[in-house]
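Enquirer:
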């Protein structure tokens with residue numbers, strides 16, 4: 084009887100091993116030549132740059148083997164800036180192409196390649212239109228919001244709804260959620276599965292959207308408190324809703340792109356100051372002393388509202404700088420996040436009465 088029991092136990096162990104309880108991966112790739120033979124190559128998690136595996140090159144062949152993670156995630160492996168590949172680490176045999184920087188052979192890797200091809204084609208249409216509208220920033224803005232985004236939105240939503248809890252969904256959130264309205268973005272983010280829904284990126288985006296939706300285009304401005312450069316109390320309503328258009332530029336002295344935007348703001352200020360436009364600097368994540376220095380260096384003459392209490396960027400959901408909000412004379416928010424030539428074109432159209 085004991086022998087029968089022992090044999091049964093051994094059988095169950097073998098059956099368990101054969102049933103595939105341990106999910107394995109194999110990542111294979113061919114390097115351009117054999118000059119890396121005998122060298123150790125490492126694979127890294129893209130999210131946290133953690134080394135997840137290593138292998139010694141055999142001739143021109145690189146092969147990783149291991150136990151697949153419970154939740155697939157994206158990795159990077161390469162030998163130079165020219166020869167590398169991104170891939171999803173998941174169960175199965177994954178083939179990486181160091182020249183095309185792609186991976187195939189498993190469900191998520193194949194799906195990632197398919198989705199990236201779709202995204203690239205959408206972006207190509209947008210970039211072609213951008214070149215066709217060169218020098219006509221306002222027309223491009225109209226095309227972007229009224230034509231391109233509505234045409235891309237259902238495609239993006241359809242892809243995301245198929246991938247609400249995996250790395251493909253995460254890629255769509257990162258690259259293409261901008262084409263969706265803010266309320267639709269939040270709705271889709273709330274539908275994420277437990278893994279994707281609890282990633283830092285999704286949690287952060289949900290927090291930002293919940294602030295941005297009440298202050299989105301078409302909504303009335305929300306008043307907030309700050310100070311001027313002398314440290315005296317100042318309100319946003321001291322400028323907004325007073326009968327002039329207001330272009331609020333959210334910036335920081337430490338931010339190089341912000342400083343590069345100042346000539347465009349100066350051009351608008353010089354052209355329309357006293358003629359219906361107030362350019363307003365909103366200094367965030369900065370100190371008054373550093374802001375004063377930057378104002379002097381860049382010869383900024385328009386007023387500054389310093390976000391001394393960190394309330395302005397939270398109320399408006401500002402999560403990066405430079406960022407802009409263009410207010411109508413009655414305080415309605417007309418446009419958010421326009422810069423450069425498009426900003427100048429959009430503002431000029433309104434000030435010149437062409438809208």
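Residue numbers (this note's numbering): 84 to 438. All residues carry an ideal CB built from backbone N, CA and C; glycine is no exception.
(1) Please report the distance separating the alpha-carbon of residue 325 from that of residue 312.
(2) Is it buried or exposed for residue 343, if we count other Cβ within 10 angstroms and need 16 for buried?
(3) Suppose contacts are defined by Cβ-Cβ distances below 9 Å. Is residue 251 in contact with residue 303 by that definition?
(4) Check this for me: beta carbons of residue 333 and residue 238, under 9 Å apart or not?
(5) Where does the unbroken beta strand (DSSP E) through residue 158 begin, and where does it stop?
(6) Would you kindly check if the distance between the Cβ of residue 351 and the Cβ of residue 330 is under 9 Å?
(7) Taking the Cβ atom as the reference point for each residue, do residue 275 and residue 310 lie within a distance shorter than 9 Å?
(8) Given a cut-off of 9 Å on the beta-carbon distance, is the pair residue 381 and residue 367 in contact?
(9) Would a C-beta distance cut-off of 9 Å place residue 166 and residue 182 closer than the cut-off?
(10) Grab me the residues of residue 434's own chain with a C-beta within less than 6 Å of its C-beta, minus the 5 sequence neighbours each way, in chain order.
(11) Just the Cα atoms here: how many angstroms apart are residue 258 and residue 191?
(12) Could you check which residue in 416, 398, 396 and 292 has the C-alpha nearest to that of residue 328?
(13) Return the CA-CA distance between residue 123 and residue 188, expressed in angstroms with no decimal places.
(14) Which residue wins for smallest C-alpha separation from residue 139, given the options 126, 130 and 133?
(15) With DSSP collapsed to three states, give me the class of residue 114.
(16) Between the Cα of residue 106 and the Cα atoms of 176, 112, 120 and 163, which residue gives the shortest distance?
(17) Report the rounded CA-to-CA distance for residue 260 versus residue 298, giving the unit in angstroms.
(18) Have a look at residue 291 and residue 305 and give me their C-alpha separation to the nearest angstrom.
(19) Just grab the DSSP bridge partners of residue 284 for me.
(20) Check whether the Cβ of residue 122 lies closer than 8 Å to any heavy atom of the ligand NAP, and answer yes or no.
(21) Straight-line CA distance for residue 143 to residue 241?
(22) Can you give the Cα-Cα distance for residue 137 and residue 108, rounded to whole angstroms?
(23) Which stretch, first to last residue, makes up the alpha helix (DSSP H) that contains residue 347?
Expert: On the basis of the coordinates in this document:
(1) CA-CA distance, residue 325 to residue 312, rounds to 21 Å.
(2) exposed
(3) No, the Cβ-Cβ distance between residue 251 and residue 303 is not below 9 Å.
(4) no
(5) From DSSP, the beta strand (DSSP E) with residue 158 extends over 156-161.
(6) yes
(7) no
(8) Taking 9 Å as the Cβ cut-off, residue 381 and residue 367 do not qualify as a contacting pair.
(9) yes
(10) 355, 359 and 360
(11) 17 Å
(12) 416
(13) Take the alpha-carbon of residue 123 and the one of residue 188: they are about 24 Å apart.
(14) 126
(15) Of the three classes helix, strand and coil, the one that applies to residue 114 here is coil, per DSSP.
(16) 176
(17) 18 Å
(18) So the two alpha carbons sit approximately 16 Å from each other.
(19) Bridge partners of residue 284: none, in fact.
(20) Among the ligands in the structure shown, none appear at all, so the ligand NAP cannot be discussed.
(21) 40 Å
(22) Cα-Cα distance, rounded: 13 Å.
(23) 339-355
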